[in-house]
Amino acid sequence: MALSLGVATVGIGYSSAAYAGHTPDSFADLAAAVSNAVVNISATQTYEEKDASNGPDTDSGTPFDDLFDKFLHHTPHGDSDGDSEPHERSSNSLGSGFVIDPSGIIITNNHVIADSNEVTVIFTDGTKLRARVIGKDSKVDVAVLKVEADHPLKAVKFGDSDQMRVGDWVIAVGNPFGLGGSVTAGIVSARHRDIDSGPYDNYLQTDAAINKGNSGGPLFNMDGQVIGINTAILSPSGGSIGIGFATPANTVAPVIDQLRKYGETRRGWLGVRIQSIDDSLAESLDLGKVRGALVAGTDSGGPAAEAGITTGDVIVKFDGVDVAESRDLPKLVALTPVGKDVAIVIVRRGHEMTKTVKLGRLEDGAQKASLTLGDDQGKKLPPTLVEKALGMALSKLDETSRLKYAIKDSLTAGVVVTEVESNSPAARKNILPGEVILEINQEAVRAPSDVAKEMRILKAAGKKLALLLVSTPQGEVRFVALDL
Numbered sequence: 324m325a326l327s328l329g330v331a332t333v334g335i336g337y338s339s340a341a342y343a344g345h346t347p348d349s350f351a352d353l354a355a356a357v358s359n360a361v362v363n364i365s366a367t368q369t370y371e372e373k374d375a376s377n378g379p380d381t382d383s384g385t386p387f388d389d390l391f392d393k394f395l396h397h398t399p400h401g402d403s404d405g406d407s408e409p410h411e412r413s414s415n416s417l418g419s420g421f422v423i424d425p426s427g428i429i430i431t432n433n434h435v436i437a438d439s440n441e442v443t444v445i446f447t448d449g450t451k452l453r454a455r456v457i458g459k460d461s462k463v464d465v466a467v468l469k470v471e472a473d474h475p476l477k478a479v480k481f482g483d484s485d486q487m488r489v490g491d492w493v494i495a496v497g498n499p500f501g502l503g504g505s506v507t508a509g510i511v512s513a514r515h516r517d518i519d520s521g522p523y524d525n526y527l528q529t530d531a532a533i534n535k536g537n538s539g540g541p542l543f544n545m546d547g548q549v550i551g552i553n554t555a556i557l558s559p560s561g562g563s564i565g566i567g568f569a570t571p572a573n574t575v576a577p578v579i580d581q582l583r584k585y586g587e588t589r590r591g592w593l594g595v596r597i598q599s600i601d602d603s604l605a606e607s608l609d610l611g612k613v614r615g616a617l618v619a620g621t622d623s624g625g626p627a628a629e630a631g632i633t634t635g636d637v638i639v640k641f642d643g644v645d646v647a648e649s650r651d652l653p654k655l656v657a658l659t660p661v662g663k664d665v666a667i668v669i670v671r672r673g674h675e676m677t678k679t680v681k682l683g684r685l686e687d688g689a690q691k692a693s694l695t696l697g698d699d700q701g702k703k704l705p706p707t708l709v710e711k712a713l714g715m716a717l718s719k720l721d722e723t724s725r726l727k728y729a730i731k732d733s734l735t736a737g738v739v740v741t742e743v744e745s746n747s748p749a750a751r752k753n754i755l756p757g758e759v760i761l762e763i764n765q766e767a768v769r770a771p772s773d774v775a776k777e778m779r780i781l782k783a784a785g786k787k788l789a790l791l792l793v794s795t796p797q798g799e800v801r802f803v804a805l806d807l
């Protein structure tokens with residue numbers, strides 16, 4: 324089953340009384356009221372290369388892609404076979420969008436325009452206008468465009484997506500398969516869907532037919548307000564199977580405001596790396612129940628670290644809002660103004676406390692340094708003493724183990740896992756050879772004997788679980804609760 328991204332982004336002033344409280348006899352009045360604000364988006368990327376076969380993947384969103392490719396990849400130099408000279412080529416993508424301001428502000432998906440050199444907006448009356456990209460954001464997949472028209476444009480407005488309930492009627496208007504001006508109806512099938520497409524996933528799911536080319540188009544409520552931007556489909560074939568996803572208006576509207584004002588996003592930044600909490604971790608951390616976001620690490624000099632939040636703390640409330648699960652936290656932080664002093668409630672060793680954090684600004688594009696091995700790779704070194712515990716063979720972090728498992732230099736202490744017995748508690752928690760145990764029950768360990776010592780302490784206290792802080796060789800850390 325494949326997730327296709329290729330379709331999918333505000334009210335209108337007419338009475339919705341005819342639609343309230345029962346199944347509408349027709350969606351015709353609603354469709355007529357909003358359709359002129361919905362546009363087609365044609366985005367063209369021009370590039371240079373020797374061979375057309377090396378060009379970027381194109382998704383024109385139409386069933387005629389093979390035919391279009393013949394013309395989109397046409398070169399004035401004729402047949403490219405055997406021709407090594409670089410040619411200028413282009414690829415097209417077709418999507419949808421909608422006008423939110425009569426002055427010419429148009430919304431679509433970021434993936435519709437991608438890195439295009441030219442974006443054209445096509446209106447229902449056939450008018451074509453060149454668009455300028457004001458700003459775009461890949462994290463919520465939205466782009467803001469501007470066209471210059473000689474008259475005020477028909478516009479629609481965002482509604483309150485939080486008010487939408489499972490079972491509420493919605494209609495999608497857009498440009499499926501390049502056909503333009505299509506209307507489909509359905510209901511909200513689910514809320515708060517996480518499809519692993521980004522850090523702020525919070526999709527509305529709908530059974531209103533959404534297909535390739537609908538991307539960037541609006542999902543309307545019965546008041547003619549946009550309550551979502553149609554963004555993705557779940558499909559084994561590339562066509563609608565009645566499972567489509569729209570980014571909620573309440574998620575995307577603040578981002579659009581920032582893009583319009585600054586041309587870029589200005590999200591809050593806390594400076595923590597977090598992980599989800601399951602039943603075993605909740606028990607190990609004395610949380611009482613599964614809740615919150617477990618801090619697996621903090622950025623040195625970041626807002627959280629400066630406020631005294633440390634690895635092993637569990638954030639259960641942010642700025643007065645309960646953090647039910649880890650994926651709630653990034654969305655809360657991102658929507659909070661940069662520089663705001665925020666009260667954060669944490670649980671540390673079973674006790675609640677409050678920290679005040681001044682949020683920084685999220686810096687995009689930071690890349691982790693790639694791991695390279697030194698010249699000593701392969702050099703014979705003395706054997707390392709190995710001990711066993713919890714189904715793992717353990718050794719001290721020394722030069723031998725560092726070279727064998729390519730352990731990052733920034734990991735200066737801990738105990739290296741050299742073997743994992745099959746069907747052991749460690750194997751069931753996906754601990755792998757080469758990973759480094761940094762802490763047990765939030766106590767640092769530097770040698771296999773420290774692990775044995777902590778095991779004895781836990782068993783003497785009647786504990787059933789051991790809470791391990793484990794790092795990959797590359798330095799990514801997580802907490803793991805192992806059955807004693």
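The opening position of the sequence shown corresponds to residue 324 in our numbering, with each subsequent residue numbered one higher. Glycine included, each C-beta is placed from N, C-alpha and C at the ideal position.
Integer-rounded CB distance, given that residue j should sit under 8 angstroms from residue i
i, j, result
"residue 659", "residue 636", "So it is not a contact: roughly 19 angstroms between Cβ atoms."
"residue 494", "residue 418", "With a Cβ gap of about 18 angstroms, residue 494 and residue 418 do not count as contacting."
"residue 597", "residue 613", "Actually they are not in contact, since the Cβ atoms of residue 597 and residue 613 sit about 14 angstroms apart, beyond 8 angstroms."
"residue 682", "residue 661", "6 angstroms"
"residue 800", "residue 791", "Between residue 791 and residue 800 the Cβ distance is about 10 angstroms, and since that is not below 8 angstroms, they are no contact."
"residue 631", "residue 678", "6 angstroms"
"residue 675", "residue 716", "With a Cβ gap of about 39 angstroms, residue 675 and residue 716 do not count as contacting."
"residue 621", "residue 595", "5 angstroms"
"residue 535", "residue 499", "7 angstroms"
"residue 537", "residue 553", "5 angstroms"
"residue 796", "residue 766", "Wrong, their Cβ atoms sit about 22 angstroms apart, outside the cutoff."
"residue 369", "residue 415", "Not confirmed; about 10 angstroms, so no contact."
DSSP bridge partner residues for residue i (one or two, in chain order)
i, result
"residue 805", "789"
"residue 664", "681"
"residue 526", "516"
"residue 555", "568"
"residue 453", "443"
"residue 495", "507, 542"
"residue 432", "Answer by DSSP bridge pairing: none, since residue 432 is not bridged."
"residue 763", "766, 791"
"residue 671", "674"
"residue 469", "428, 455"
"residue 483", "None; residue 483 has no bridge partner."
"residue 460", "465"
"residue 422", "429"
"residue 549", "481, 543"
"residue 774", "Answer is none; residue 774 lacks a bridge partner."
Spatially closest choice to residue i from the options, by CA coordinates
i, options, result
"residue 483", "461, 527, 450", "527"
"residue 784", "799, 802, 764, 443", "764"
"residue 445", "504, 790, 423", "504"
"residue 770", "722, 718, 787", "718"
"residue 507", "481, 496, 513", "496"
"residue 806", "500, 781, 798", "781"
"residue 574", "548, 607, 485", "485"
"residue 521", "460, 666, 498, 739", "460"
"residue 463", "675, 439, 795, 577", "577"
"residue 468", "499, 492, 423", "423"
"residue 755", "767, 766, 738", "738"
"residue 542", "420, 656, 777", "420"
"residue 593", "735, 346, 623, 437", "623"
"residue 441", "448, 455, 433", "455"
"residue 435", "513, 353, 540", "540"
"residue 787", "793, 795, 778, 794", "778"
"residue 472", "514, 580, 466, 425", "425"
"residue 881", "720, 511, 750", "With the chain covering only 324 through 807, there is no way to say anything about residue 881."
"residue 572", "487, 648, 590", "487"
"residue 625", "760, 685, 752, 512", "685"
"residue 322", "557, 566, 534, 570", "No answer is possible for residue 322: it lies beyond the span of the chain, which begins at 324 and ends at 807."
"residue 645", "615, 633, 735", "615"
"residue 582", "349, 457, 753, 439", "457"
"residue 350", "579, 793, 544", "544"
"residue 579", "654, 465, 720", "465"
"residue 513", "491, 649, 523", "491"
"residue 358", "797, 655, 448, 740", "448"
Residue i CB to nearest heavy atom of the ligand PLP below 7 angstroms
i, result
"residue 346", "For the ligand PLP, the structure offers nothing, since it holds no ligand at all."
Fully enclosed by the segment 568-647, which beta strand (DSSP E) runs are 3 residues long or longer? 595-598, 616-621, 637-641
Evaluate the contact criterion for the segment 471-484 versus the segment 596-608: three or more CB pairs, one atom per stretch, below 8 angstroms. no
State whether the segment 720-734 contacts the segment 771-780, with contact taken as three or more CB pairs (one from each stretch) at a distance under 8 angstroms. no
Stretch-stretch touch, CB-based, cutoff 8 angstroms, three pairs: the segment 343-363 with the segment 419-431: yes
State whether the segment 554-564 contacts the segment 584-595, with contact taken as three or more CB pairs (one from each stretch) at a distance under 8 angstroms. no
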